[in-house]
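Input: a single structure, listed below in structure tokens.
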Amino acid sequence: MSGTRLASGGVIDRSQPLTFRFDGRSYTGFAGDTLASALMASGVRVLGRSFKYHRPRGLWGAWSDDANAIMNVSLGASELPNCPASMTYLEDGMTARAVNAWPSAGFDVKGGLDALHRWLGAGFYYKTFMWPDWHLFEPSIRKMAGLGHVSVNVSEDDVAAHQHAFCDVLVVGGGAAGLAAARAAAELGHDVCLVDDQRVPGGGVYQMQQVEGQAPADWIAEERASLEAAGARVLSETTAFGVYDHGLIGLAQSRGFGAAPRLIRMRAGRVILAAGALDRPLTFPGNDRPGVMALNTGAELLARYGTLVGQTLAIVSARGCDVQPFEAAGARVSRFDPKEGQIAARQGRHVTGLVQGTRFEPFDAVFVSGGWTPLVHLWRHAGGKLQWCDQRQAFLPDGQLTQMRAVGAANGTFDLPAALDEARAAGRGDAGARPATAYHVDPSWPAPRSKGRQWIDFQHDVTLKDVEVAARENYVSVEHLKRYTTLGMASDQGKTSNMAGLAAMAAIQGRPIPEVGTTTFRPPFVPVPLELYRGHHREQLWHPLKRLPLEPVHRDLGAALGEYGGWLRPGWYGAGTPAERVADEVRTARQGAGLFDGSPLGKIEVMGPGAEAFLNFVYYNTMRTLAPGRLRYGFMLTEAGIVFDDGVLARLGQDHFIVSCSSSHVDAVRTHLEAWRQDGNDPDSIFVHDATQAWATVTVTGPEAPAILRAAGVDAGDLAHMNLHETEWQDTPMRIARVSFSGDASFELSIRASRAAALWSALRNAGATPIGIEAMSIMRAEKGFIIIGKDTDGQTMPHDLGFTFPRTKKTAAFIGDRSLHTDVARAPGRKQLVGLAHGGDAPLPTGAHVVTDGASEGYVTSSYFSPTLDRPIALALVANGASRIGEAVTVWHLGTQYAATITMPCAFDPEGGRIHA
Amino acid sequence: MQIFSCPFCGPRPETEFHFIGELGKTRPETLQGVSDEDWARYLYTQRNEKGRVQEVWMHMPCAELFVMERDSVTMEVITVIALRGVS
Amino acid sequence: MRDDSARWHPPGSSAFDAPGVSVREVSLARQTMVSGTMVLSTYSLAIGWPDVALGEAYALCMRRDRVLLVNAGARRDGFDPDTSEAVSDMTDGFAVLALSGPRALECLQAGAALDPAQPSRSAFRRVFGTDVLLYRHGDESTFRIHVPRADLAAFAAALHAAAKD
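Chains as they are written, first to last, in our numbering: chain L, 4 to 920; chain W, 1036 to 1122; chain P, 17 to 181.
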């Protein structure tokens, strides 16, 4: 048999021939063709190989119901794996290769696997590869599994545009019912959007001889013109692939081959589902052979693509058929009635004829239909129920959904006049029940215990016998059946196979079909590329970092920028070995003055007459007694008593505080404060302003800091440690907090973000040396100062860190107070903050465990080489650590042991003299 | 994508909201002496109901804290009530 | 310890022109955040969505008890017992962009379910993952967006990507 492209007819443009290659050979199609239709028109019958047995596969479906013709397709620089040929529009210069076949679909060296089918039935993995060990077999099986391969040249640069959109009425499907519904709604003045997944809307209308007295193309053109004139939008090549919570509809709009589609998140007042219906296969021996295809496929190839796939055609249909178009195109057509006995395909590499009892006839192609299956996927996504219809032998939408209504073939209304009436009523918003129909299907479901290999899932090679094996082994629920046999797991997600599969299970068990039920319908309706969801969330927009006002200044200074707690911050400055640069910065800051960008530091202002009591409640420490102009270090706890954040609270005035929370934690602390403010406190007397980003903070630290400030014209007065001074610098308000994270005299200068560069420059000119966060991290570790979440974990309470006073002495209630007096909080063996000293030159590995008798007693949380002390230092959380100072312990990491001694956390200047210098 | 209604701002996508906790967690008077059992119940006992639930949520852009009654099966939002006054 | 400097483009100007849309940076003399139980009565014309702010001085509704005053007179930061209002100078806290052109709304809709038919009392909403103040300014097709300063680079890049689609 060979393909016959007719001289006229269809929606292809014969004036635009397109050349393409398939499995190494050159072919020609026309603009408007799909890859599949062009191959069929060129006489190619074997378009792919099945997943397991590598059986030759031809086209089953003309659109989204084909899982046989799966191809790697390239065009120019774009190569995409696993393209369904039936939905890939042909372009000039395309090269396609059938997946899962080598060297070609027509001749596949693994085709011999089919001879082993007796041993490769359902569950063969689980039964065969048990002994001695699955992992022995896994590599070779994995290599054989899968479909297309990803090209090494695959483009990462396809960015799917994302869009949010709205309409009053979304019509899904541009067939007869969809066009009619959209026009009716639009002409009432509704904002209507019609989506259709093909390039040329019209659905199956082109197969008809007349619609309401007009030629199909004329009728479609008139409907479309009218609805567009009424203001409706028509989105072609756009698939409604899923319905999500609260009625969100996902639309994937094609932007051409090789370009990522556009994702439109549509919110519609109501949805009219006019998605149509698919032909389902009949189950008979040889029903998988190339040349056996859906009746609707034969009709679509003729109507849309001007292609008659054979001169002699057999039609085996449970739903009737209009043979006139095929005969008019020149074919000889014979009908077979599935009720009159078991049918079998006579087969070579593709179908050659049909046998029924004693009747045999040779055919080029066999068109089959077990009846229409309405496309109810979106109805189910939206939570709609299904009911079984005996007359139609199909599951139909049942009951009402507030937002969605199914019409036409998707609702089981297969008669055109009734479908148009139903669709127009739905478009107008009129109520209406499903119309009666003369459509009738005699059951023709799989017959268990019959002879021959009869396919249920073409792509995944699930046969009727496999379903019988599953039933025998008690995988009788449809969900178990699916997973045991892989039935319905093909790339069409069961569009062709599920009905036959569950009907087979019903027949085997003697149960009615509705009692067996369907598997869950899940989005997406058709495969969509992952780029669709990713959109612009890639590279710098995948996990965007917050950016410092001083970033350009840091870049000019040669800063090594990296992520620290969600911000892009300087780790260190200058070229050279990073560790040496950092050590230099530490030494400079300890001996002279370091200049550090602390802008991310939290600056949450808490104001109002209730602020003092509120903060006293929020903090572990007593804050009620904090005087204006003073700073106090403290913890916030969770109600479970766990340390949530630490930082300095500043009091500017009676009703004005600033919470300097951890730089990486500002959003969480703000939310924490807002939640407690509004629930359990008086929100009318407490106001929380997160002003973090309005201010830049630069810290000058080191013995030379006071002199640097003077030289830069910063008026710090004679500010003592833990005091705050409000002043102006060059006519700009400035807040100076004398507080130290380094252990040296330090001044945190906060100024409007736009003035930060000028301040930084003045301080540099005065002699301060820029230091990065790595140097600051070492200096704070030398002092035993913690970083929450690094030196604490999800069990750390304040008394584990040596802050015991408020736990026993604070008289007011505070968040987490009761949790500090539970058995767990009092238990011996709590992990407490300590230092670790050891003899080696290299720092202990962070995360190494302190081990006694083979059990972990805690672990290293921070570990550095201290340039100040010229030896390694470490902080650790160790069981009972505070009472074990001086004890020798063993530290273990990945098989290596280190001898260490538990010390106080503070390794440098424990008396604290430098801080006040 | 669910649509929640902030009592102040109106309907917004769920990504603008943050779950705070189940409704009805009244903080015990910790200065009055609270038994371990009562405190543990306050901290850890969740009703986690199937069906109608009452929860406290925050609308992050405007920081409005409110009570939402919704159905944890159908995802239907039944009511939202501002914690503060009438919106 | 890793030097990722080269992996992050230095932030540049956020202004750009694309077909149907143009974005400009706006410099405002002052942005003042004011909270208080009565602020919505005091500033009863505070802009929400889809209100159109007119002129160069106006109030934006942030929440039930908070407004952002654009180009209002300077006030001292802190709690003002006379008005029972909390005041913070946020002039440098938000970068401000102006977005105009026939595709302006469409570009914003790439990053938010922004429905002109769905009013909201506050101008605060999440766009491209960032909480911003978004409102119309001058006319119905010109928008102003107040973006937290540290998030401006990411926001502008996302907006630019949307404009190029």
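Ideal Cβ placement from N, Cα and C applies to all residues, glycine included.
Own chain, CB closer than 7 Å to residue i, minus 5 neighbours either side, in chain order
i, result
"Pro-66/P", "Pro-132, Pro-135, Arg-152"
"Pro-631/L", "Arg-654, Leu-655, Gly-656, Gln-657"
"Val-479/L", "Met-508, Gln-512"
"Arg-258/L", "Pro-264, Arg-265"
Interface partners of residue i on chain W, CB under 7 Å
i, result
"Ala-129/P", "Pro-1048"
"Ala-816/L", "Thr-1065, Leu-1066"
"Asp-147/P", "Met-1095, Pro-1096"
"Ala-678/L", "Ile-1055, Met-1093, Leu-1100"
Extent of the continuous beta strand (DSSP E) run through residue i
i, result
"His-483/L", "Unbroken run through His-483/L is the alpha helix (DSSP H), 481-488; no beta strand (DSSP E)."
"Glu-41/P", "37-42"
"Asn-726/L", "726-732"
"His-896/L", "891-896"
"Gln-350/L", "346-350"
Amino acids of chain P, ordered along the chain, whose beta-carbon sits closer than 8 Å to that of residue i
i, result
"Phe-1043/W", "Arg-79, Arg-80, Arg-137, Ser-138"
Interface residues of chain L facing residue i [CB-CB closer than 7 Å]
i, result
"Ser-57/P", "The contacting residues do not exist; Ser-57/P stays about 13 Å from chain L at best."
"Val-1108/W", "Residues of chain L passing the Cβ test: none, with the nearest at roughly 10 Å."
"Ile-1038/W", "His-249"
Residue range of the unbroken alpha helix (DSSP H) whose run includes residue i
i, result
"Tyr-128/L", "127-131"
"Val-672/L", "669-681"
"Gln-125/P", "120-125"
"Met-502/L", "501-512"
"Ser-1079/W", "The question names Ser, yet the displayed sequence has Tyr at residue 1079/W. Here the alpha helix (DSSP H) through Tyr-1079/W covers 1071-1079."
"Asn-87/P", "Premise fails: Asn-87/P is in no alpha helix (DSSP H) and is neither H nor E."
"Gln-327/L", "327-331"
Contacts around residue i, its chain only, beta-carbon distance under 8 Å, and the 5 residues preceding and following it disregarded
i, result
"Thr-904/L", "Leu-839, Ala-840, His-841, Gly-889, Glu-890, Ala-891, Val-892"
"Phe-788/L", "Phe-744, Gly-746"
"Leu-878/L", "Ala-784, Gly-787, Ile-789, Asp-794, Leu-836, Val-837, Gly-838, Leu-839, Val-863, Thr-864, Ser-865, Ser-866, Pro-908"
"Leu-121/P", "Leu-130, Pro-132, Ser-157, Phe-159"
"Ser-1122/W", "Note that Ser-1122/W has pLDDT 43, beneath the 50 cutoff, so the model's placement of it is unreliable and no number is given."
"Asp-181/P", "Ala-126"
Nonlocal neighbours in the same chain, by C-beta distance under 6 Å from residue i, ignoring five residues either side
i, result
"Gln-359/L", "Phe-339, Gly-344, Ile-346"
"Asp-167/P", "Thr-146"
"Gly-205/L", "Ile-223"
"Met-4/L", "Note that Met-4/L scores a pLDDT of 40, beneath 50, so its modelled location is shaky; the value from the coordinates is reported in the next line. Hits under 6 Å: Gly-313, Asp-367."
"Ala-41/L", "Gly-32, Leu-93"
Where residue i meets chain P, residues with beta-carbon distance less than 7 Å
i, result
"Phe-169/L", "Asp-131"
Partner residues on chain L for residue i, Cβ-Cβ distance less than 9 Å
i, result
"Leu-1118/W", "Gln-681, Asp-682, Pro-686"
Cβ-heavy atom distance, residue i to the ligand FMN, below 7 Å
i, result
"Val-621/L", "With respect to the ligand FMN, the structure offers nothing, as it holds no ligand at all."
Give me the subset of the segment 650-675 of chain L whose CB atoms are less than 7 Å from a CB atom of chain P, sorted by chain position.
Leu-655, Gly-656, Asp-658, His-659
Taking only beta carbons into account, state which residues of the segment 542-564 of chain L come closer than 8 Å to chain P, listed in chain order.
Gln-543, Leu-544, Pro-547, Leu-548, Lys-549, Arg-550, Leu-551, Pro-552, Glu-554, Pro-555, Arg-558, Ala-562, Ala-563, Leu-564
Quick test of the definition: if touching needs 3 or more C-beta pairs under 8 Å, does the segment 512-521 of chain L touch the segment 545-565 of chain L?
no
Would the segment 1077-1088 of chain W and the segment 23-32 of chain P be scored as touching if the rule is three or more Cβ pairs under 8 Å?
Output reads no: the segment 23-32 of chain P does not touch the segment 1077-1088 of chain W.
In chain order, what residues of the segment 682-711 of chain L put their CB closer than 7 Å to some CB of chain W?
Asp-682, Gly-683, Pro-686
Interface residues of the segment 1086-1104 of chain W facing chain P [CB-CB below 9 Å]
His-1094, Met-1095, Pro-1096, Cys-1097, Ala-1098, Glu-1099
To be precise: take each residue of the segment 588-609 of chain L, compare its Cβ to all Cβ atoms of chain P, and keep it if any distance is under 7 Å. Which residues remain?
So the list reads Glu-608, given in the order they occur along the chain.
Along the segment 21-44 of chain P, what residues have a CB closer than 7 Å to any CB found in chain L?
For the segment 21-44 of chain P, which is checked against every Cβ of chain L, the residues closer than 7 Å are Ser-21, Trp-24, His-25, Pro-26, Pro-27.
Which residues, taken in chain order from the segment 1068-1081 of chain W, show a beta carbon closer than 7 Å to some beta carbon of chain L?
Val-1069, Asp-1071, Trp-1074, Leu-1078
Could you please tell me which residues of the segment 224-252 of chain L, in chain order, have their CB closer than 8 Å to any CB of chain P?
none
Counting Cβ pairs, one atom from each stretch, are 3 or more of them under 8 Å apart for the segment 137-153 of chain L and the segment 247-255 of chain L?
no
Touch test, the segment 46-59 of chain L against the segment 100-118 of chain L, Cβ-Cβ under 8 Å, three pairs minimum:
Judged by Cβ distances under 8 Å, the segment 46-59 of chain L makes contact with the segment 100-118 of chain L, as three or more pairs qualify.
Is there contact between the segment 702-722 of chain L and the segment 766-775 of chain L, where contact requires at least three CB pairs shorter than 8 Å?
yes
With three or more C-beta pairs closer than 8 Å as the rule, is the segment 437-446 of chain L touching the segment 205-220 of chain L?
no
The segment 154-164 of chain P in contact with the segment 54-74 of chain P per 3-pair CB rule at 8 Å:
yes
Looking at C-beta atoms only, is the number of pairs between the segment 383-390 of chain L and the segment 148-155 of chain L that lie closer than 8 Å three or more?
no
Which residues of the segment 134-167 of chain L have a Cβ closer than 8 Å to any Cβ of chain P? Give them in chain order.
Val-162, Ala-164, His-165, Gln-166, His-167
Contact residues within the segment 163-174 of chain P, judged by C-beta distance below 9 Å to chain L:
Contacts with chain L (Cβ-Cβ distance below 9 Å) from the segment 163-174 of chain P involve Pro-164, Arg-165, Ala-166, Asp-167, Leu-168, Ala-169, Ala-170, Phe-171, Ala-173, Ala-174, listed in chain order.
For the pair the segment 154-172 of chain L and the segment 218-232 of chain L, tell me if three or more CB-CB distances fall below 8 Å.
Counting Cβ pairs under 8 Å, fewer than three are found: no touch.
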